[in-house]
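First up is the structure itself, then whatever we jot down about it.
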Amino acid sequence: MSADAQAPDLGLKPATPITCAHNRSVLGSLPFGDRADFEDARRGFIGTLPKVEFRNAEGRVIYSLEDYAFLDEEQAPDTVNPSLWRQARLNMANGLFEVTERIYQIRGFDISNMTIIEGSRGVIIIDPLISAEIARAGLELYWQHRGRKPVAAVIYSHSHVDHFGGVRGVVDEADVKAGNVIILAPDRFMEEVTKENVLAGSPMIRRAMFQFGGLLPKGPRGQVDAGLGKVTSRGTVTLIPPTQVIRDPIEVHTIDGVEIVFQLTPDTEAPAEMHMFYPGLRALNLAENATHNLHNIYPIRGAQVRDANAWAKYLNEARDRFAAKADVVFAQHHWPVWGNRRLLDYLAKQRDAYKYLHDQTLRLMNHGLKAPEIAERLALPRSLEREWHVRGYYGTFSHNSKAIYQRYLGWYDANPANLNPLPPAERAAKYVAYMGGAAAAIARAREDFARGEYRWVAEAMSQVVFAEPGSAEARALGADALEQLGYQSESATWRNAYLQGARELRGGMGLARGAPTRATSDIVRGVSLDLFFDLLGIRLDGEKAEGRTLLINWQLSDTGDRHVLTLQNCALTYLADRQASEADCTVTLDRATLNGIILRELPLAEAIAQGRITIAGDAGKLAELFALLDDFSIGFPVVEPHRAGRGA
Ligand SMILES: [Zn+2]
174 MSADAQAPDL GLKPATPITC AHNRSVLGSL PFGDRADFED ARRGFIGTLP KVEFRNAEGR
234 VIYSLEDYAF LDEEQAPDTV NPSLWRQARL NMANGLFEVT ERIYQIRGFD ISNMTIIEGS
294 RGVIIIDPLI SAEIARAGLE LYWQHRGRKP VAAVIYSHSH VDHFGGVRGV VDEADVKAGN
354 VIILAPDRFM EEVTKENVLA GSPMIRRAMF QFGGLLPKGP RGQVDAGLGK VTSRGTVTLI
414 PPTQVIRDPI EVHTIDGVEI VFQLTPDTEA PAEMHMFYPG LRALNLAENA THNLHNIYPI
474 RGAQVRDANA WAKYLNEARD RFAAKADVVF AQHHWPVWGN RRLLDYLAKQ RDAYKYLHDQ
534 TLRLMNHGLK APEIAERLAL PRSLEREWHV RGYYGTFSHN SKAIYQRYLG WYDANPANLN
594 PLPPAERAAK YVAYMGGAAA AIARAREDFA RGEYRWVAEA MSQVVFAEPG SAEARALGAD
654 ALEQLGYQSE SATWRNAYLQ GARELRGGMG LARGAPTRAT SDIVRGVSLD LFFDLLGIRL
714 DGEKAEGRTL LINWQLSDTG DRHVLTLQNC ALTYLADRQA SEADCTVTLD RATLNGIILR
774 ELPLAEAIAQ GRITIAGDAG KLAELFALLD DFSIGFPVVE PHRAGRGA
């Protein structure tokens with residue numbers, strides 16, 4: 174273990190002797206002498222930029238590897254689990270790489286990879302990263318080394334933003350409209366993109382700060398990695414809707430001279446996702462279903478629980494159908510695996526890790542174990558535990574097994590004592606009183622801290638903080654416990670969550686305050702009218718709406734959409750393709766005006782004043798509806814109680 178004397182982590186604590194011993198023990202338990210991943214991560218390297226640091230038009234840094242220079246050190250510092258340190262170093266590989274003849278990847282320029290396939294006329298781009306600025310820089314790096322070829326097609330492998338957001342950096346929408354560039358995506362792509370980003374947007378953004386550690390300083394005592402890659406970029410997120418959608422379980426298309434077999438894999442890592450096999454190139458692209466870590470059945474940023482069983486099934490089918498004819502397998506994160514024997518072994522182990530996780534969780538569930546009991550007991554089988562690519566740098570067996578329990582049985586463990594407990598702050602006040610008061614609880618927790626019982630100390634101090642948010646001692650001790658847990662974590666997402674929690678206990682929310690990041694205009698353009706009304710329903714303040722009734726016809730003048738919206742019993746409901754003859758009013762507007770309203774760029778009153786909205790009937794009713802809508806903020810507390818107030 175090397176010292177981290179140059180760590181840019183001022184004020185953060187060193188590892189305790191117990192954490193040092195824990196992390197040192199990892200060195201003996203895993204095959205650190207196996208260097209194959211380091212060779213694979215560098216294989217096919219062509220070139221990179223002198224400095225991997227990208228800025229947006231305003232000059233703000235949106236992604237940088239410069240802050241990660243501390244990872245040059247091979248030996249893990251005491252404050253990082255050596256297994257995670259290894260992954261963090263692997264994820265530093267960056268630039269343009271050749272995967273196989275005609276297939277190239279940009280890696281390390283964002284959390285995801287951009288794959289470039291050379292066709293007969295131009296190139297096919299798969300997954301243009303998160304930010305347009307970076308996707309552009311990646312394409313230019315490719316052009317610099319391989320010659321300037323036009324983009325013939327873009328393929329989105331799935332509905333997550335790190336696989337489409339940079340699209341305007343690589344294609345001009347005019348070329349798409351003119352038919353010069355086609356854009357392909359899996360079935361339900363647009364629906365899933367808009368749903369995920371719009372309905373539960375605010376809490377996911379806030380919680381993602383914990384998962385990715387984007388606000389943490391980078392360094393041996395801060396963020397070192399995100400498991401799946403370094404960190405998410407923060408540039409311009411764009412979206413051009415697909416011109417062609419893959420709807421059948423298997424579809425074969427020849428795109429710019431390249432034969433591609435698409436295999437839909439719905440409800441795996443994303444609700445809309447697909448694998449691709451390139452028979453002529455003997456290469457298999459598994460999107461995000463087989464990466465060099467155990468993935469998330471449930472990401473701790475919050476999401477609907479994914480189907481681990483389907484995940485294993487589609488990997489098995491892909492292996493059966495394609496792998497025998499492949500010389501290389503790769504994904505839209507991490508590095509490829511070359512050689513038929515190796516890739517067959519890799520895919521079998523990936524498949525089995527998800528299947529084991531799923532089946533053993535259900536087996537223990539069927540024995541009546543509760544989610545935390547299952548999580549405590551489950552671990553990789555011995556035949557898999559020394560396989561780096563199934564270790565939990567991103568997802569963990571622990572939180573994934575709890576998610577699988579949730580998928581089948583929900584949040585409730587069937588113990589009626591847990592059916593209707595007091596809410597967090599009230600419960601904490603009673604706990605702390607029963608503990609003999611905050612001072613007594615803190616004194617005992619200090620003894621447990623000295624013994625290294627960080628999990629318990631973090632929980633006990635959280636009770637004190639929820640009872641007495643102003644307790645500086647409880648906050649400090651709770652933060653110290655979370656910090657040591659972070660230092661010990663093999664999972665990057667757990668480390669980030671623990672360290673972000675420690676940071677907020679010590680310094681408050683800081684940068685986490687502020688308005689929610691607005692859904693980008695490209696994503697809003699893809700929002701269906703149904704989803705727009707779903708969003709209005711979510712924003713409706715039910716208490717304010719008490720006793721109100723509204724019936725409003727909506728007409729979109731350019732698209733011809735007709736919806737009728739009803740407010741009664743404090744609930745907004747709607748019917749598509751309907752108008753009510755007895756409506757209070759009929760609202761007519763065009764889609765661009767609606768987008769402006771959704772994006773909050775155009776206040777309703779202004780749109781009416783400008784004549785962009787016309788209202789037949791009682792115009793006051795539309796204003797009444799908008800006055801009942803809430804605004805959301807991502808500045809809500811996580812590690813301390815909500816202050817009294819509306820919505821809290
Ligand atoms: Zn991804």
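Per my numbering, the very first residue in the sequence shown carries number 174; after that it's consecutive. In this text, a Cβ means the ideal position worked out from N, Cα and C, and glycines have one as well. As the structure is a prediction and not an experimental result, all values here were calculated from the model.
Judged by their CB atoms, asparagine 588 and tyrosine 471 are not nearer to each other than the 8 angstroms cut-off. In this structure, DSSP gives tryptophan 727 an extended state, which the three-state scheme calls strand. In the structure shown, the three-state DSSP call for tryptophan 584 is coil.
With contacts defined as CB atoms closer than 8 angstroms, glycine 338 and isoleucine 378 fail to qualify as a contacting pair. In the three-state scheme derived from DSSP, where H, G and I count as helix and E and B as strand, alanine 611 is classed as helix. Taking a 10 Å sphere around the C-beta of tyrosine 607, we find fewer than 16 other C-beta atoms and assign the residue as exposed. Boundaries of the alpha helix (DSSP H) around alanine 491: 481-495. Of the heavy atoms belonging to ligand 1, at least one sits nearer than 7 angstroms to the Cβ of serine 285. Lysine 391 has Gln396 as its beta-bridge partners, per DSSP.
Take the alpha-carbon of leucine 672 and the one of proline 642: they are about 19 angstroms apart. The closest CA to that of leucine 530, considering only Ala576, Leu517, Trp511 and His562, is found on Ala576.
Of the candidates Arg712, Gln523, Ala552 and Asp525, the residue whose Cα lies closest to the Cα of leucine 537 is Ala552. Look at glutamate 369: its beta carbon is at least 7 angstroms from all of the heavy atoms in ligand 1. Annotated three-state conformation of glutamine 579 is helix, per DSSP. The C-beta distance from isoleucine 307 to tyrosine 241 rounds to 16 angstroms, too long to fall under 8 angstroms, and the pair is not in contact.
Its Cα nearest to that of alanine 623, the residue Ile191 stands out among Pro187, Lys186 and Ile191. If you look at glutamine 741, you'll find it in the beta strand (DSSP E) that goes 735-741. Assigned with DSSP and collapsed to three states, tyrosine 527 falls in helix. Unbroken alpha helix (DSSP H) stretches of 4 residues or longer found wholly inside the region 733-788: 764-771 and 777-782, given in chain order. For ligand 1, a non-hydrogen atom lies closer than 7 angstroms to the CB of aspartate 335.
Isoleucine 219 and aspartate 621 have their alpha carbons spaced roughly 52 angstroms apart. Distances from the CA of valine 563 to each of Asn469, Phe639 and Val605 were compared; the closest alpha carbon is that of Asn469.
Here the alpha carbon of valine 434 sits roughly 14 angstroms from the alpha carbon of isoleucine 290.
In the three-state reduction of the DSSP assignment, glutamate 424 falls in the strand class. For the options Leu738, Glu755, Ser754 and Asp757, the alpha carbon positioned closest to that of leucine 748 is the one of Leu738.
When the five nearest sequence neighbours on each side are left out, the beta carbons in the same chain lying within less than 8 angstroms of the beta carbon of valine 272 are those of Gly217, Gln278, Thr288, Ala456, Val501, Phe503 and Pro509, in order along the chain. For glutamine 505, the CB falls within less than 7 angstroms of some heavy atom of ligand 1. Selection Ala521, Gly659 and Ile428 evaluated against asparagine 462 yields Ala521 as nearest (Cα-Cα). Straight through space, the alpha carbons of leucine 535 and proline 814 are spaced by roughly 34 angstroms.
Nearest to valine 410 by C-alpha distance, out of Val324, Ser694, Leu516 and Phe270, is Ser694. In the three-state reduction of the DSSP assignment, glycine 220 falls in the strand class. Contact check for leucine 312 against valine 343 passes: the beta carbons are separated by less than 8 angstroms. A distance below 6 angstroms between beta-carbons, with the five flanking residues on each side excluded, links asparagine 489 to the following residues of its chain, in chain order: Arg524. For histidine 448, the enclosing beta strand (DSSP E) begins and ends at 447-451. Taking C-beta atoms as the reference points, valine 397 and valine 354 fail to come closer than 8 angstroms.
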